[in-house]
Amino acid sequence: MSPNSRRYQQVGKQIKNTLLSGELPVGGRLPSERDLSERYNASRATIREAIIMLELQGLVEVKQGAGIFFVENIDSNMLIGEAESNIGPFELLQARQLLETNIAAFAATQISATHVREMRDLLREQELEINGDSKRFNELDHNFHMVIAEATQNNMLIVMAQSMWDNVRTENPLWDALNSQYFHEKRLQSLWLSDHKNILIALQKRSPQETKQAVWQHIENAKKELFKLANVEEPDFEGFLFAANAVPTLKNEAE
1 MSPNSRRYQQ
11 VGKQIKNTLL
21 SGELPVGGRL
31 PSERDLSERY
41 NASRATIREA
51 IIMLELQGLV
61 EVKQGAGIFF
71 VENIDSNMLI
81 GEAESNIGPF
91 ELLQARQLLE
101 TNIAAFAATQ
111 ISATHVREMR
121 DLLREQELEI
131 NGDSKRFNEL
141 DHNFHMVIAE
151 ATQNNMLIVM
161 AQSMWDNVRT
171 ENPLWDALNS
181 QYFHEKRLQS
191 LWLSDHKNIL
201 IALQKRSPQE
211 TKQAVWQHIE
221 NAKKELFKLA
231 NVEEPDFEGF
241 LFAANAVPTL
251 KNEAE
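Shown next, in the form of structure tokens:
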């Protein structure tokens with residue numbers, strides 16, 4: 001097993017191998033979270049993350065108030081470590097802060113009226129989807145950030161921005177679960193929309209500094225919400241490793 005694998009991935013693979021060994025019949029209920037924690041010598045937070053991963057793969061089903069059930073709805077030859085990214089949500093957000101803020105700052109110097117109109121249309125659509133179709137809201141969110149990259153008119157930067165979405169955010173099961181279950185509450189959708197509007201205002205002003213600050217704050221807001229969901233007391237928690245970031249303020253940059 002790769003030493004770079006996250007703890008929840010390692011535990012998830014152990015649970016998966018146990019299930020596929022025939023120890024539990026299809027349709028059977030898994031032990032309690034506490035029992036799994038003791039059996040695999042892992043924190044309960046790690047067990048929860050591992051179960052989320054297995055649920056997204058279709059291997060288990062979590063029934064509220066009833067427990068976790070083995071459903072075996074995947075290719076048994078598929079290994080978790082081969083399918084999942086080793087990049088965690090906090091690590092992804094840090095990378096986005098470093099890369100997307102600079103991409104956006106450059107976009108502010110290159111943006112065209114066509115890009116501005118496209119982003120305005122996306123924000124209008126996104127506003128209509130608040131508390132509506134969360135999947136569509138997420139698609140519009142992705143499209144908005146991609147238009148910023150496209151505004152640079154630099155194909156390499158566009159590929160880099162797309163890669164962060166395609167290869168990490170949309171293929172990382174923990175991020176996907178957090179995003180689909182929590183990041184689309186009405187309160188958060190309103191916050192993301194407000195952040196997007198601030199970014200667009202800065203882009204329209206063609207201000208690289210203000211655009212960089214607006215994108216940084218947008219991603220910082222996502223990080224703060226993720227911290228609320230995480231159990232920061234667990235030994236497996238890694239969020240603090242990627243939390244000590246500070247973008248220079250406009251005042252400091254001017255100085």
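Here the UniProt record's numbering is used: position 68 in the sequence shown is 68, and no number is missing along the way. Yeah, the Cβ is synthetic: ideal placement off N, Cα and C, and Gly gets one too. Treat the numbers as computed from the prediction; the structure is a model and nothing was measured.
Nearest-angstrom Cβ-Cβ length linking residue i and residue j, presumed shorter than 8 Å
i, j, result
"R7", "G88", "R7 to G88, Cβ: 10 Å. No contact."
"T211", "A104", "5 Å"
"I47", "E33", "5 Å"
"residue 258", "Q189", "Given a span of 1 to 255 for the chain in the structure shown, any question on residue 258 remains unanswerable."
"L193", "L128", "That belief does not hold up - the Cβ atoms of L193 and L128 are roughly 10 Å apart, past 8 Å."
"H196", "F137", "Wrong, their Cβ atoms sit about 11 Å apart, outside the cutoff."
"L226", "F90", "7 Å"
"R206", "T109", "7 Å"
Neighbourhood of residue i by C-beta distance below 8 Å, restricted to the same chain and skipping five residues each side
i, result
"F106", "T152, N154, L157 and P208"
"H145", "E100, A161 and W165"
"V60", "L19, L30, I51, L54, I68, F69, F70 and V71"
"A66", "R29"
Own chain residues within Cβ distance below 7 Å of residue i, not counting five before or after
i, result
"E125", "L140"
"Q204", "V116"
Beta-carbon contacts of residue i that lie in its chain and below 6 Å, excluding the five residues immediately before and after
i, result
"I148", "A104 and A107"
"A214", "N198, I199 and A202"
"G28", "F70"
"A83", "Model confidence at A83 stands at a pLDDT of 44, short of 50, so the residue's coordinates are unreliable; what they give is reported in the following sentence. Same-chain partners within the cutoff: there are none."
"H218", "D195"
Residue i, buried or exposed, once every other Cβ within 10 Å from all chains shown has been counted against 16
i, result
"I199", "buried"
"E253", "Low confidence applies to E253: its pLDDT is 49, below 50, so where it sits in the model is not reliable, and the reading given next is rough at best. Exposed is the call here."
"I201", "exposed"
"V11", "buried"
"K63", "exposed"
"V26", "exposed"
"A45", "buried"
"S43", "buried"
"A222", "buried"
"E38", "exposed"
"E23", "exposed"
"K13", "buried"
"R187", "exposed"
"L36", "buried"
"R96", "buried"
"I80", "Confidence at I80 is low in this model, with a pLDDT of 38, below 50, so the placement of that residue is unreliable and no value is reported for it."
Cβ of residue i within 8 Å of any chain B Cβ
i, result
"L59", "Chain labels in this structure do not include chain B; a single protein chain is all it has."
Exercise for review: Write down every uninterrupted run of the alpha helix (DSSP H) in the stretch 132-160 whose length is 4 residues or greater and which is fully enclosed by it, in chain order.
Suggested key: 134-150
**Study point:** Length-filtered (3 minimum) beta strand (DSSP E) runs lying within the UniProt domain "HTH gntR-type" (5-73)
**Key:** 60-63 and 67-70
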